[in-house]
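S.K.:
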Amino acid sequence: MSLDGIFPAMPDDIYLKDKGKPACLIRALTPTALAAWRNTLAGPHLAWMETAHFTAAAGEILLLPDSAGGLEAVLLGLGPMPDPMALAALPKKLPPGAYRLDTKAPDAVREMAPLAWALGAYQFKHYKKGLAQTEWPNLVLDKNADMARIDRLNRAVYSARHLINTPAADMGPDALQTVMETLAKYREAKLQVISGDDLLAENYPMIHAVGRAAHDAPRFLDLRWGDETAPKLTLIGKGVCFDTGGLNLKPGNYMDLMKKDMGGAALAIALADAVMDAGLPVRLRLMIGAVENAIGPDAFRPGDVLASRKG
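Numbering (this note's numbering), first residue to last: 2 to 312.
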């Protein structure tokens with residue numbers, strides 16, 4: 002069994018382990034670092050930077066050619082406050098080949114480089130069939146890089162993005178339950194599901210109230226994993242799979258991206274999977290209230306007084 006049915010496949014061609022072979026250098030520069038480096042330059046490279054008006058502003062990219070017309074180096078602007086995820090700007094803008102991050106790049110940028118590179122290669126292609134496979138540029142990683150940790154973090158972020166980007170027609174409360182069921186089975190966790198009017202009997206009135214007007218019944222998803230004697234780690238995610246506003250209907254421009262109202266649930270699910278994959282010594286509990294806030298005769302009305310667990 003695998004998680005491929007609920008989470009996207011990871012690109013397997015974005016990294017190279019360092020074997021001492023030549024690679025194009027990526028210089029990630031703040032304006033201060035650029036000024037110091039410029040003082041060491043002369044000739045074509047300095048002239049090319051001046052012609053391109055490269056200032057190392059955040060997100061700026063400049064390709065430096067070599068004497069034969071090939072690519073000698075890539076300059077990436079970080080701005081005065083370097084973003085650790087700055088390298089995400091590069092994979093979709095560089096030609097295929099091997100690239101190595103300069104050892105003088107800020108520590109935070111170097112630490113997050115593998116994840117940033119993977120995010121730069123992210124594509125949501127779930128509904129596009131028969132596309133040619135992208136040939137990505139490869140980031141050269143240290144030969145001692147912890148690939149298991151890198152893959153775990155990448156998969157967690159890709160998984161969260163996939164769940165968030167999937168339209169509500171295919172990622173409603175029932176589909177979110179399927180994701181949790183698959184995850185629980187794969188990770189040997191326990192899952193309790195309380196749905197529909199059973200939410201009232203089990204004292205989850207607010208989850209019921211928000212989702213009761215939808216055809217896809219509201220539900221509470223409660224996953225538990227780990228040693229019962231270990232320290233507790235509880236994750237809670239908001240799983241509003243679509244929010245029309247109910248009877249207080251949102252205008253279209255405010256409703257367009259309401260499929261992303263379950264982003265909290267997506268992040269919590271992806272994080273829980275990473276925790277279980279790493280085998281952390283914790284007693285994990287993951288709780289998701291999965292609902293669709295729809296229009297219907299059972300929808301709650303503005304001004305209604307709704308009793309929660311607090312009364």
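Backbone N, C-alpha and C define an ideal beta-carbon position, used for all residues, glycine too.
Determine the extent of the alpha helix (DSSP H) in which ASN294 is found, giving its start and end residues.
M.R.: Annotation for ASN294: no alpha helix (DSSP H) segment contains it, though the beta strand (DSSP E) segment containing it runs 284-294.
S.K.: Go ahead and pull the three-state DSSP assignment for ARG310.
M.R.: coil
S.K.: State the start and end residues of the unbroken alpha helix (DSSP H) segment that holds GLU112.
M.R.: Start and end: 108-112.
S.K.: Just the Cα atoms here: how many angstroms apart are ALA57 and ASP244?
M.R.: 41 Å
S.K.: Bridge partners of TRP226, per DSSP?
M.R.: LEU285
S.K.: In angstroms with no decimal places, state the Cα-to-Cα distance between LEU35 and MET207.
M.R.: 55 Å
S.K.: Does MET172 pass the burial test, meaning 16 or more other C-beta atoms within 10 Å, or should it be called exposed?
M.R.: Buried.
S.K.: If you drop the 5 nearest sequence neighbours on each side, which residues of the same chain put their C-beta closer than 8 Å to that of ARG39?
M.R.: LEU47, MET50
S.K.: Is the Cβ-Cβ distance between ASP217 and PRO174 less than 8 Å?
M.R.: The Cβ atoms of ASP217 and PRO174 lie closer than 8 Å to each other.
S.K.: Would you kindly work out how many angstroms separate the C-alpha atoms of ALA113 and ILE151, rounded to a whole number?
M.R.: Checking the sequence, you will find Met at residue 113 rather than Ala. Approximately 10 Å between the Cα atoms of the pair.
S.K.: If contacts are defined as beta-carbon pairs under 8 Å, then THR31 and PRO97 qualify, I think. What distance do you get, rounded to the angstrom?
M.R.: With 8 Å as the limit, THR31 and PRO97 do not qualify as a contact, their Cβ atoms being about 28 Å apart.
S.K.: Going by C-alpha distance, which of ALA74, ALA87, PRO83 is nearest PRO23?
M.R.: ALA74
S.K.: Got a sec? Which residues, its chain only, sit under 6 Å from ARG286 by beta carbon, not counting five neighbours each side?
M.R.: Taken in chain order, the residues that qualify are ARG225, THR235.
S.K.: Restricting to Cα atoms, I'd like to know which of SER160, LEU91, LEU63, ARG284 is closest to GLU229.
M.R.: ARG284
S.K.: Note down, in chain order, each residue of its chain lying with its Cβ closer than 6 Å to the Cβ of PRO282, except the 5 sequence neighbours on either side.
M.R.: ALA231
S.K.: Please classify GLY70: does DSSP put it in a helix, a strand, or coil?
M.R.: coil
S.K.: With distances taken Cα to Cα, identify the nearest neighbour of LEU42 among LEU65, LYS20, GLU61.
M.R.: LEU65
S.K.: Return the CA-CA distance between ALA300 and ALA308, expressed in angstroms with no decimal places.
M.R.: 15 Å
S.K.: Give the straight-line distance between the Cα atoms of ALA170 and HIS127, rounded to the nearest whole angstrom.
M.R.: Those two C-alpha atoms are separated by around 14 Å.
S.K.: Skipping 5 residues on each side, what residues in its chain have a beta carbon closer than 6 Å to that of LEU4?
M.R.: Same-chain partners within the cutoff: TYR187.
S.K.: Taking the C-alpha atoms as reference points, what is the distance between ASP262 and GLY21?
M.R.: 46 Å
S.K.: Output needed for GLY297: all residues of its chain with C-beta closer than 6 Å, excluding positions within five of it in sequence on either side, in chain order.
M.R.: ALA214
S.K.: List, from N- to C-terminal side, the alpha helix (DSSP H) runs of 4 residues or more that fit wholly inside the stretch 96-180.
M.R.: 108-112, 114-121, 148-166
S.K.: Could you pull out every residue in the same chain whose Cβ sits closer than 7 Å to the Cβ of ALA53, ignoring the five residues on either side in sequence?
M.R.: LEU63
S.K.: Quick check on the DSSP output: what are the complete beta strand (DSSP E) runs of length 3 or more inside the stretch 3-49, in order along the chain?
M.R.: 16-18, 25-30
S.K.: Check whether the stretch 237-256 and the stretch 183-197 are in contact - that is, three or more C-beta pairs closer than 8 Å.
M.R.: no
S.K.: Excluding sequence positions up to five away, which residues of its chain have a Cβ less than 8 Å from the Cβ of GLU189?
M.R.: TRP226
S.K.: Could you give the C-beta distance for MET18 and LYS144, rounded to a whole number, given that I count them as a contact under 8 Å?
M.R.: Inspection of the sequence shows that residue 18 is occupied by Lys rather than by Met. Between LYS18 and LYS144 a beta carbon distance of about 6 Å is seen, short of the 8 Å cut, so the two are scored as contacting.
S.K.: Please state if the CB of ALA267 and the CB of LEU132 are separated by a distance shorter than 8 Å.
M.R.: no
S.K.: Would you list the residues sitting across from LEU64 in a DSSP beta bridge?
M.R.: VAL75
S.K.: For LYS93, which of helix, strand or coil comes out of DSSP?
M.R.: coil
S.K.: Which value, in whole angstroms, describes the spacing of the CA atoms of ALA37 and ALA90?
M.R.: Rounded to whole angstroms, ALA37 to ALA90 spans 24 Å at the Cα level.
S.K.: Output the distance between the C-alpha atoms of LEU200 and GLU293, rounded to the nearest integer angstrom.
M.R.: One Cα belongs to LEU200, the other to GLU293, and the distance between them is close to 15 Å.
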